[in-house]
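Colleague: Numbering (the numbering used here), first residue to last: 31 to 258.
Backbone N, C-alpha and C fix where the C-beta goes; we use that ideal spot for every residue, glycine too.
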């Protein structure tokens, strides 16, 4: 008899809990939408740059993170899940503001040799779109595992690390394409003013040009004494 009474009390408590949960969810569903959004500017930075962008690469990545106990049946407890779409952008550029007088040399035939600075690359996260966010639920009704801000931050960092690895695998190819693009742009700009320019990158070694007016070296005839 006592066992039957305990069973009835348990069933009544479970039914009451389910009823309260359903009622609260319906009340929450009828709540008004956000009518006001407040934004605050945290920091602002303005600076002059002299970037010449040679290549711009865009990538989109879908990252999914889960939290919970995978060994439990979904009917009893579902895992919390968040899926987000990350949009990345990486620019390959040279900073023309780093050029100085020592980077320009005048050759004998009127051509100028310009030593360009190294190509730099900056990986940026341009957009984040939530794709699917689900909380972990008991019996599909009660939320017990929340996908909070720290969890989403860890997922964002993991996606950014994976995108960086993706760019790193193709970095050599992108670097070559960026060099060709920058060379075309610089040559095109110089040709507009009638200047002939030979472009050199920091990792390229070219023979030093002869000074203007210096005698051209020729091989001496056989048997001719070498001047002291």
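Can you say whether residue 152 is buried or exposed, counting buried as having 16 or more other CB atoms within 10 angstroms of its CB?
Modeller: Classification for residue 152: exposed.
Colleague: Would residue 133 and residue 126 be called neighbours here (beta carbons separated by less than 8 Å)?
Modeller: Cβ distance not < 8 Å, so residue 133 and residue 126 don't count as in contact.
Colleague: Let me know the secondary structure DSSP gives residue 212 once reduced to three states.
Modeller: Residue 212: helix per DSSP, three-state reduction.
Colleague: Output needed for residue 158: all residues of its chain with C-beta closer than 8 Å, excluding positions within five of it in sequence on either side, in chain order.
Modeller: Same-chain partners within the cutoff: 114, 115, 116, 117 and 186.
Colleague: What is the C-beta distance between residue 154 and residue 119, in whole angstroms, given that I count them as a contact (C-beta under 8 Å)?
Modeller: About 5 Å; that satisfies the 8 Å criterion.
Colleague: Please classify residue 124 as buried or exposed, where buried requires at least 16 neighbouring CB atoms within 10 angstroms.
Modeller: By the 10 Å Cβ count, residue 124 comes out buried.
Colleague: Exposed or buried, what is residue 161 when buried is set at 16 or more other beta-carbons lying within 10 Å of its beta-carbon?
Modeller: It counts as exposed.
Colleague: Assuming residue 110 is part of the beta strand (DSSP E), what are its boundary residues?
Modeller: That run of the beta strand (DSSP E) goes 110 to 125.
Colleague: Roughly how many angstroms lie between the CA atoms of residue 87 and residue 221, to the nearest whole one?
Modeller: Distance between the alpha carbons of residue 87 and residue 221 is about 28 Å.
Colleague: Could you give the first and the last residue of the continuous beta strand (DSSP E) run that contains residue 227?
Modeller: Taken as a continuous stretch (DSSP letters only), the beta strand (DSSP E) holding residue 227 covers 227 to 230.
Colleague: Please go through the same chain and pick out, in chain order, the residues whose beta-carbon is closer than 6 Å to the beta-carbon of residue 91, but skip the five residues on each side of it.
Modeller: Correct list, in chain order: 116, 189 and 193.
Colleague: Just the C-alpha distance for residue 248 and residue 141, rounded to the nearest angstrom, thanks.
Modeller: Residue confidence is low: residue 248 scores 38 on pLDDT, short of 50, so the model does not pin down where it sits. Its coordinate-derived value is still stated next. Between residue 248 and residue 141, the C-alpha separation is close to 23 Å.
Colleague: Take residue 94 as the anchor and find which of 85, 82 and 109 has the nearest alpha-carbon.
Modeller: Nearest of 85, 82 and 109 to residue 94, Cα basis: 109.
Colleague: Going by beta-carbon coordinates alone, are residue 229 and residue 146 separated by less than 8 Å?
Modeller: A contact, by the Cβ cut-off of 8 Å.
Colleague: CA-CA distance, residue 201 and residue 121?
Modeller: Roughly 11 Å separates the two Cα atoms.
Colleague: Hey, residue 212 and residue 82 are a contact pair by Cβ (cut 8 Å); roughly how many whole angstroms apart?
Modeller: Yes, they are in contact, since the Cβ atoms of residue 212 and residue 82 sit about 6 Å apart, within 8 Å.
Colleague: How many whole angstroms separate the CB atoms of residue 112 and residue 181, which I take to be in contact at a CB cut-off of 8 Å?
Modeller: That belief holds up - the Cβ atoms of residue 112 and residue 181 are roughly 7 Å apart, short of 8 Å.
Colleague: For the beta strand (DSSP E) containing residue 134, list its first residue and its last residue.
Modeller: Residues 134 to 136.
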